[in-house]
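Position in the first sequence counted from 1, then plus 573, gives you the numbering used here. Here's the structure we're looking at; comments come further down.
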Amino acid sequence: MNVRATIEKSISAALTRLGVETPKVSLDLTGDLSHGDYATSAALAYAKEFNMAPRVLAEKLVEMMGEIAGVTSIDIAGPGFINFSVDPKIIWANLESGRSEPDMWGGNPSLIGKKIVVEYTDPNPFKEFHIGHLVTNSIGESLSRLVTFSGAEVRRANYQGDVGRHVARAIWGLMQAGGSAGDVKALGRAYAAGAAADIDDSPAKKEITDINKKVYDRSDTKINELYDEGRKASLDHFEELYALLGTKFDFYFFESETGPVGKQIVEMHIDDGIFKKSDGAVVYEGEKHGLHTRVFLNSEGLPTYEAKELGLSKLKHEKYAYDTSIIITANEVNEYFKVLLAAMGEIFPELAAKTKHVSHGMMRLPEGKMSSRTGNVVTGESLLNDLVIAAKERAALSRADDIEQLARDVAVAAVKFQILKGGTGKDIIFDRERALALEGDSGPYLQYTHARTCAIIEKAVASNVVVSIDTTAAVSDLARLTARFQDIVLRAQEDLEPHLVATYLINLAAAFNSWYAQEQILDGTPAAAHKVAIVDIVRQTLKNGLWLLGIPAPKKM
RNA sequence: GCUCUCGUAGUUCAAUGGAUAGAACAGGACUCUUCUAAGGUCUUGAUGUAGGUUCGAUUCCUACCGAGAGCACCA
């Protein structure tokens, strides 16, 4: 049992002996290391129940807890907090375990045996990979890695809209302009033209509706040709981006598959009253769950987003019998998702219960909101490319062996960190100038710190310095902060919040850099062995932490 | 109009109902004859308004003000 659990149990036992039936104990990492490693506000919370002053209750609890294995001091502070300091030997042993099993460092077994599927990115063929897809991708990849690090068996899924009105618009645009469907840039322009023309009472609107039907039933040879070529070109192009971003999907689902399945599901549940016919469409009345009515099959008989999503839930579970399905989308679909989950709850209650919807905010650039309808947009791809070019200038001055690769790594870090440093769900203001500056709280800052640690280790190895932790040494704040890694990772996984890892890594890197500036590590004395060992575990923490964020950790910068 | 998010330094983000509201950027002052200056040190500066619940509120509740998203055949 780890120290944290021991302390929790001890507090809980003390409260039970005082007569609390089911004590609710919160044991927190202290906000300030001068307060020790863990703190509880139990005495404050229960003071009223016992009609005692909080500090008096705190003293009583401390007395009843007595000695706790692995804890060297228990102090009462402030209004009645009880602070616990962990035995330095335990902290050093913890860090030593990280050095002996580096790949496991920070991991936990809380999800062992669980099957989890994470669906994210979901770009639409025939359209640009826009900046919103960078957000979903960054969050989804990080969440995938967080649950992997907790022992879950993970599958990554990508769900792509290869049918639907956007496709018809692009094909309409291609037919007008005569561009090649194999050229993704031409596809982007064709979509923009189609979207612009697709307005009420225009002849184009009817033509696009007609094309849309033909895409579904594949009745037109010319359209099939444009469709097949465009679809392949888009998907191939997306793969290049996934490689750059460091994502590999296990499953690809397409709306062309989920559509028919979803349609069938909806049609099977009209007679039993789950769905209703209304104005030629088939709808789900969300009002019974305090929501609103949504169309599942339109009056053309075609499945909408909602019906396709129902089909997807079924297909996904057939492919992989998951315990949890995490779906990442932009928060603009939150309301639809609630209706969808309500409908799913009636049809597939067991699947609905296993589904977790994580939504993220919109990514905004200082230039304003981007829309692929206007044609001239900053796409996810162009943003990445700009960053790579900017990073290259600085990379040229670095000691990296492969400047091109470093520039890509730094660019990916700049984007991903910006996305992941804030809580999921809030809008992300992406300031390109700031990201390009590669300074301050940023992905490149973490990479730089990691590269520094690598350089020290390399030098230590070259000069045959023995690396080992002195378990009798006093613990520094840097060592204690490093030892918190596991607690942070576990919470980030439980809350599905990558930003907890991001902010932790910034704090750790700052603590390390500060120490580095005032300490000569390779000082030629026996003390170097211990100091290098600390550098080594900080290095591993940064490496594993960056991995959890989906950010590459180059060894040289 | 209704529903859902969200209002924290000049800006971009933190703070599971707890201790002195933390960082970074921008501004000012320093710091490379020492292991990577993409670094470090010092410094100015914030909880939209009004109530409520609580021993304690940035966090929970109500109202208002402000921003964003959504409100049936697009996703």
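All C-beta atoms, glycine included, are put in the ideal place defined by N, C-alpha and C.
Pairing His1103 with Asp1060 gives a Cβ-Cβ distance that is not under 8 Å. Look at the stretch 881-938 and you find these whole runs of beta strand (DSSP E), each 3 residues long or longer: 897-903, 928-933.
With respect to the C-alpha of Ile744, the residue from Leu808, Gly671, Ile784, Ala1035 having the closest C-alpha is Ile784. Counting C-beta atoms within 10 angstroms of its own C-beta, Leu970 has fewer than 16 neighbours from the protein chains shown and is therefore classed as exposed. Counting along the chain, Ser807 sits inside the alpha helix (DSSP H) bounded by residues 794-818. Per DSSP, the unbroken alpha helix (DSSP H) holding Phe623 starts and ends at 615-623. Taking 3 residues as the minimum length, the stretch 945-1033 contains no beta strand (DSSP E) run wholly inside it.
Asp773 sits in coil when the DSSP states are folded into three classes, being neither helix nor strand. A residue is called buried once 16 or more other Cβ atoms fall within 10 Å of its Cβ, and Met841, having fewer, is exposed. Secondary structure note for Asn731: its beta strand (DSSP E) is the uninterrupted segment 726-733. One Cα belongs to Gln1066, the other to Asn697, and the distance between them is close to 29 Å. Taking the CA atoms as reference points, Cys1027 sits about 30 Å from Thr603. Lys989 counts as buried, since at least 16 other C-beta atoms from the protein chains shown sit within 10 angstroms of its C-beta. Cβ contact annotation for Asp975 (same chain, cutoff 8 Å, sequence separation greater than five): none. The beta carbon of Lys836 sits closer than 7 Å to those of Leu870, Pro876, Ala880, all from its chain and outside the five residues before and after it, given in chain order.
Your pair Ser872 and Val736 does not check out as a contact, with CB atoms roughly 17 Å apart and the cut at 8 Å. By the Cβ neighbour-count rule, Ser792 is exposed, with fewer than 16 other Cβ atoms within 10 Å of its own. With fewer than 16 other CB atoms across the displayed protein chains lying within 10 angstroms of its CB, Val1034 is exposed. Inter-segment contact for the stretch 753-767 and the stretch 787-803 is present: three or more beta-carbon pairs are separated by less than 8 Å. Sequence-distant partners of Ser614 (beyond 5 residues in either direction) whose C-beta falls short of 7 Å from its own C-beta, in its chain, are Ser599, Phe654. Between the alpha carbons of Ala578 and Ile1124 lies a gap of roughly 31 Å. With a cutoff of 8 Å on beta-carbon distance, Ile847 and Ala916 are scored as near each other.
In this structure, Gly592 is the residue among Asp660, Gly592, Asp601, Glu669 with its C-alpha nearest to the C-alpha of Met637. The three-state secondary structure of Asp676, taken from DSSP, is helix. Straight-line spacing of the CA atoms in Lys850 and Arg728 works out to 37 Å.
Rounded to whole angstroms, the gap between the alpha carbons of Lys994 and Val720 is 18 Å.
Contact check for Ala1101 and Val1038: beta-carbon distance about 5 Å, within the 8 Å limit, so the pair qualifies. Rounded to whole angstroms, the gap between the alpha carbons of Arg672 and Gln1113 is 8 Å. Leu1121 and Glu674 have their alpha carbons spaced roughly 17 Å apart. Following the DSSP letters along the chain, one finds Glu1070 in no beta strand (DSSP E), marked with neither H nor E. Taking 3 residues as the minimum length, the beta strand (DSSP E) runs contained wholly in the stretch 595-668 are 600-602, 611-613, 644-650, 654-659, in order along the chain. Assigned with DSSP and collapsed to three states, Lys849 falls in strand.
Annotation: Gly767 to Lys786 spans about 16 Å, alpha carbon to alpha carbon. Assigned with DSSP and collapsed to three states, Ile689 falls in strand. A check of alpha carbon separations from Gly819 across Asp845, Glu714, Tyr893 identifies Glu714 as the nearest. Within the DSSP secondary-structure output, Thr866 pairs in a beta bridge with Glu858.
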